[in-house]
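First up is the structure itself, then whatever we jot down about it.
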RNA sequence: CGCGGGGUAGAGCAGCGGUAGCUUGUCGGGCUCAUAACCCGGAGGUCGUGUGGUUCAAAUCCCACCCCCGCAACCA
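In my numbering, the protein residues as written are 31 to 574.
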């Protein structure tokens, strides 16, 4: 019975992978890269497995920080957002991200969909009105957010922003400040009544508790802990409108001068972008997103994004449709450190994706970014170590294994490969590697999976050394044939196993071996004549 | 008592109740098919501190203390 079952064509699984939306007010750095790359690996893995995948993301283009930057640079917020959106598209392409859809929150499609969703929630009574006093600047003619207010810090007496004092580092509420002024024009502020729409997040306490309970095994530990913290404090209702002039208009007459809060609309971008793809296929998003065991939903981001993905996003999805599928796998990574410190713009140690791609191959970057990924705790990222990893594992390990075999065959036999049998033990190890590594990737642990697959390189080189084909060739032609076949078999499987991680190089290897498209399953290679054999990776000489 | 992560060979890390392990570096050997590549072995640690607690047994659990880092500020 069991045998029969495996013979039946496997049913396609449906997988939606949402990668966090980088915020368009600065260049993308290796922190983003490490947070997002696992999503790409997972997507590529499922595609190789024959499953139906949607990898979606985009640029987060609205919000206060962008308007602040625009004001400083005396350009429009849109110019800022467009500039950085373009750099993101470029950077992501340069490291071979395989997005099915990468948009931006200022796309007309996204904006229209968000307004529809917003209205639907409004009509369904998910929001309520709230009025309270807020700081208003008359000359700017707008309400100010905490970070736009200046005033005297109640703790140290210096001039502070409304959210936290730069001098004594105390965080606060703007209401604690004395003698408040507008951070934009410097004028006095006044208190005025302001109304906003609030989302009844508190009503979803039970649902989120259930969600966490159901999926805690597929969520990273940091996501489980962080979510638990929010739940134990009790979920609070959140404002969904903001007083800004840059963003998506609130589609409700009474609030039409306000914008939708960025986190609400940006996080729903996963939904709008996958709807975009489904539209093309003539599938209704409501049908596709119906809760179902065969629909997996991964979300990849950094740890500071956790509550937005594990609490707010699921609650919004439920508000859209009570029967909606919710995130099943949370892939939330820790931080990249530079030396002992965190990487940040203000410390001036930002390592941008742009400068990396200027100097290095995408595969070199991807390989190292995954191998040193802050999967379970903070980890470091240095170009020196990246070069070291490249030379050691890609050049000396994988590349060398391919080259020592193929170049020998080319030199001694003009590239002719005779028949032979593949080693039984190697076959078994190969099969079990597909299985175990696949399971680890499905669990979202791409670093652990790659570490596992890297061991296959050592297995291969050791096999070669132990069997000494350069000696056997003179003594036992049949044995030499077997060894050669086994090595080529291992190369062929490397070109599959490593494909999600370093796709460009593995496609080059496939071309050399005249293999078809990558698949996540054991493959043999019956090549008889080698042609166009090239070195797979070039050694990087350390220079600065 | 704000919350969280961490302190293990020169460096970077794994182990998280049972003879201290991996990678890199270093030293030596092997091989000569290979891009100073590959394979094997040696040296190197009283596992932050405590003549602390639990245990037959502690890097591993508990307690106290010290130190680093992150979050609560734009930022994954």
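Beta carbons are placed, not taken as given, at the ideal position from N, Cα and C, and that holds for glycine.
Remember, it's a predicted structure, so these values are computed and weren't measured experimentally.
Pick from 554, 527 and 79: whose alpha carbon is nearest that of residue 487?
-> Position 457 of the first chain, counting from 1, holds the residue named residue 487. Closest option to residue 487, Cα to Cα, is 527.
Among 433, 437, 436 and 391, nearest to residue 416 - alpha-carbon criterion = By 1-based counting over the first chain, the position of residue 416 is 386. For residue 416, the nearest C-alpha among the options comes from 391.
Grab the span of the alpha helix (DSSP H) containing residue 50 for me, first residue to last.
-> Translated into the one-based positions of the first chain, residue 50 becomes position 20. First-last for residue 50: undefined, no H or E at that position.
Within 10 angstroms of its Cβ, does residue 215 collect 16 or more other Cβ (buried), or is it exposed?
-> For the purposes of this step, residue 215 is taken as residue 185 along the first chain, with counting starting at 1. With fewer than 16 other Cβ atoms within 10 Å, it is exposed.
Which whole-angstrom value is the C-beta distance of residue 428 and residue 563, which I expect to be below 8 Å?
-> If you number the first chain from 1, residue 428 lands on position 398. If you number the first chain from 1, residue 563 lands on position 533. Actually they are not in contact, since the Cβ atoms of residue 428 and residue 563 sit about 15 Å apart, beyond 8 Å.
For the beta strand (DSSP E) containing residue 223, list its first residue and its last residue.
-> On the first chain, position 193 is the one that residue 223 refers to. Start and end: 219-229.
Span of the alpha helix (DSSP H) around residue 115 = By one-based count along the first chain, residue 115 stands at place 85. 107-124 is the span of the alpha helix (DSSP H), which, as asked, contains residue 115.
Under 9 Å between the Cβ atoms of residue 230 and residue 267?
-> Locating residue 230 in the first chain gives position 200, where the first residue counts as 1. Locating residue 267 in the first chain gives position 237, where the first residue counts as 1. Yes, these two residues count as a Cβ contact at 9 Å.
Mapping DSSP to helix, strand and coil, what is residue 248?
-> As a working mapping, residue 248 is identified with position 218 in the first chain. Coil at residue 248, not helix or strand.
Spatially closest choice to residue 65 from 332, 287 and 96, by CA coordinates = Along the first chain, read from residue 1 onward, the residue named residue 65 stands at position 35. Selection 332, 287 and 96 evaluated against residue 65 yields 332 as nearest (Cα-Cα).
Exposure of residue 272, with buried meaning 16 or more beta-carbon neighbours within 10 Å = Residue mapping note: residue 272 aligns to position 242 of the first chain, counting from 1. Classification of residue 272: buried, given that the 10 Å Cβ count is 16 or more.
Collapsed DSSP secondary structure at residue 451 in the structure displayed | Locating residue 451 in the first chain gives position 421, counting from the first residue. Reduced to three states, the DSSP call for residue 451 is coil.
Less than 9 Å separating the beta-carbons of residue 114 and residue 55?
-> The residue labelled residue 114 in the question sits at position 84 within the first chain. The residue labelled residue 55 in the question sits at position 25 within the first chain. Taking 9 Å as the Cβ cut-off, residue 114 and residue 55 qualify as a contacting pair.
Is DSSP giving residue 581 helix, strand or coil here?
-> As shown, the chain starts at 31 and ends at 574. That puts residue 581 outside it, with no answer to give.
Tell me whether residue 91 is buried or exposed, calling it buried when 16 or more other Cβ atoms sit within 10 Å of its Cβ.
-> In the first chain, residue 91 corresponds to position 61, counting from 1. Burial state of residue 91 is buried, judged by a 10 Å Cβ sphere holding 16 or more other Cβ atoms.
Taking the Cβ atom as the reference point for each residue, do residue 625 and residue 298 lie within a distance shorter than 9 Å?
-> With the chain covering only 31 through 574, there is no way to say anything about residue 625.
CA-to-CA distance, residue 531 to residue 98, given in whole angstroms | As a position in the first chain, residue 98 is number 68, starting the count at 1. As a position in the first chain, residue 531 is number 501, starting the count at 1. Approximately 38 Å between the Cα atoms of the pair.
What does DSSP give as the partner residues of residue 82 in its beta bridges?
-> Residue 82 sits at position 52 when you count from the first residue of the first chain. According to DSSP, which records beta bridges pairwise, residue 82 is partnered with 44.
So, using beta-carbon positions, are residue 472 and residue 72 closer together than 9 Å?
-> Taking the first residue of the first chain as 1, we reach residue 472 at position 442. Taking the first residue of the first chain as 1, we reach residue 72 at position 42. The answer is yes: Cβ separation under 9 Å.
Can you check whether the CB of residue 386 is closer than 9 Å to the CB of residue 413?
-> Residue 413 sits at position 383 when you count from the first residue of the first chain. Residue 386 sits at position 356 when you count from the first residue of the first chain. Yes; because the gap between Cβ atoms is below 9 Å, this pair is in contact.
Just how far apart, CA to CA, sit residue 404 and residue 125?
-> Your numbering for residue 404 matches position 374 in the first chain. Your numbering for residue 125 matches position 95 in the first chain. Their Cα atoms are separated by approximately 18 Å.
Short Cβ contact (9 Å threshold) for residue 445 with residue 515 | By one-based count along the first chain, residue 445 stands at place 415. By one-based count along the first chain, residue 515 stands at place 485. Their beta carbons are not under 9 Å apart, which means residue 445 does not touch residue 515 by this criterion.
Throw me the rounded Cβ distance for the residue 60 and residue 383 pair, which I believe falls under 8 Å.
-> For this step, residue 60 is matched to residue 30 along the first chain. For this step, residue 383 is matched to residue 353 along the first chain. That pair is a contact at about 7 Å.
Taking all protein chains shown into account, do 16 or more other C-beta atoms lie within 10 angstroms of the C-beta of residue 500, making it buried, or fewer, making it exposed?
-> Residue mapping note: residue 500 aligns to position 470 of the first chain, counting from 1. Exposed, by the Cβ-count rule.
Rounded C-alpha distance that separates residue 89 from residue 300 = If you number the first chain from 1, residue 89 lands on position 59. If you number the first chain from 1, residue 300 lands on position 270. Taking the straight line joining both Cα atoms gives about 11 Å.
Alpha-carbon spacing of residue 493 relative to residue 418, whole angstroms | Counted from its first residue, the first chain places residue 493 at position 463. Counted from its first residue, the first chain places residue 418 at position 388. Going from the Cα of residue 493 to the Cα of residue 418 covers about 24 Å.
How would you write the range of the alpha helix (DSSP H) that residue 400 sits in, first residue to last?
-> Your numbering for residue 400 matches position 370 in the first chain. Taken as a continuous stretch (DSSP letters only), the alpha helix (DSSP H) holding residue 400 covers 392-401.
Going by CA-CA distance only, name the one from 210, 227 and 228 that's closest to residue 221.
-> Counting from 1 along the first chain, the entry for residue 221 is found at position 191. Checking every option, the nearest Cα to that of residue 221 belongs to 210.
C-alpha distance - residue 336 paired with residue 348, whole-angstrom precision | Looking up residue 336 in the first chain gives position 306. Looking up residue 348 in the first chain gives position 318. Near 18 Å, if we compare the C-alpha coordinates of residue 348 and residue 336.
Whole-angstrom distance between residue 270 and residue 4, CA atom to CA atom | What is shown of the chain runs 31 to 574, which leaves residue 4 out entirely.
Based on the DSSP output, what are the partners of residue 327 in its beta bridges?
-> Residue mapping note: residue 327 aligns to position 297 of the first chain, counting from 1. In DSSP, residue 327 forms a bridge with 46.
Contact between the region 511-525 and the region 536-546 (3+ Cβ pairs under 8 Å) = yes
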